[in-house]
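Right, one structure below, let's go through it.
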Amino acid sequence: MVAQINGSVVKAFEILKLFSAGRTIISAADVMAELGVNAVTAHRFLKTLEHVGALVAVDRGRYRLGFLFADLAERLLDGGSLAGILQPVLNALTGRLGEASMATLFRADKVVCIARAVPDRPVLVDIRVGSELEAWCTAHGKLWLAHLPEKELDAYFSRVDPRAFTGATITGEAALRAELERVRREGFAENRGEREDTLHAIAVPLFSGSGRMITGLSVFGPVARLSGEAAATALAHLKHAAEDLHRSLDAPR
């Protein structure tokens, strides 16, 4: 029996293959020029791929890869989820430091908690798996924004109007862009009372072998307790954990 190949599925994957390390955005015009289809067909395929989560519209007629592939990649890693890999790391961080920790993904302009660990003592904020947080005023959000392609960051600022949660919240676009530049330069992000007055969070990124940000790892607790030497210790542990994870995820399998 001859295998039946679905041409539409093949065409959809040909569109997805247009993405590369140096090409993170594609348009209907790209699909038309490189795959030889007409405008109606190009738009239909792009809209369908957006509908199933394979693509995300950046602006009119332009798309980037969607989080569907991040989700699938998570399941590919040793047959387990990214959250399953991160949970023991978070447990160890919280056990050593005595503060809460979590990991996130970035979806629809917000950070989403995918794993967390809490200490035996009470915590200031009850962040659970699935909780969504604003990006401009959280340590995790700053990480994700800092590592977005420039055009996607521009699109984010065109959609979002940052509001102040506390007197420390950074709301101006110029000031936020300066903060994101600092995050890129120093390799970590902080939230010092910017969403909750008394909370301090420190977060570091975890990158894939190709340089794509996979997730963020953070430790958070009361400002009065997580400052000075305690904050420096937390940052060192976070960086060490991210480095270990990067090596293990990037190791030949």
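So the sequence shown is residues 48 to 300, counted in the working numbering.
Glycine included, each C-beta is placed from N, C-alpha and C at the ideal position.
Bear in mind the structure is a predicted one, so any value in this text is a computation, not a measurement.
With contacts defined as CB atoms closer than 9 angstroms, Ala164 and Ser148 qualify as a contacting pair.
The C-beta separation of Ala75 from Ala86 comes to about 6 angstroms, placing the pair in contact by the 8 angstroms criterion. Residues of the same chain with a CB within less than 7 angstroms of the CB of Val172, apart from the 5 flanking positions on each side, are Glu243 and Leu246 in chain order. Of the candidates Ser205, Asn53 and Ala248, Ala248 places its Cα closest to the Cα of Gly275. For Ile73, the closest alpha carbon among the candidates Val56, Arg210 and Val105 is that of Val105. Taking all protein chains shown into account, Ala182 has 16 or more neighbouring C-beta atoms within 10 Å of its C-beta and is therefore buried. Inclusion of Trp191 and Met79 in the CB contact set at 9 angstroms is not warranted, their separation being larger than that value. Burial check for His287: the Cβ neighbour count within 10 Å stays below 16, so the residue is exposed.
Secondary structure note for Thr151: it is in no alpha helix (DSSP H), and the uninterrupted beta strand (DSSP E) holding it is Ala147 to Arg154. Assignment of His194 by DSSP, reduced to helix, strand and coil, places it in the coil class. The alpha-carbon of Asp77 is positioned some 16 angstroms away from that of Thr95.
Under a 10 Å Cβ-count criterion, Ala162 is classified as buried, with 16 or more other Cβ atoms of the shown protein chains found around its own Cβ. In this structure, Thr151 keeps its C-beta atom at 9 angstroms or more from the C-beta atom of Thr71. Runs of the alpha helix (DSSP H) spanning 4 or more residues and lying entirely within the region 219-258 occur at 220-233, in chain order.
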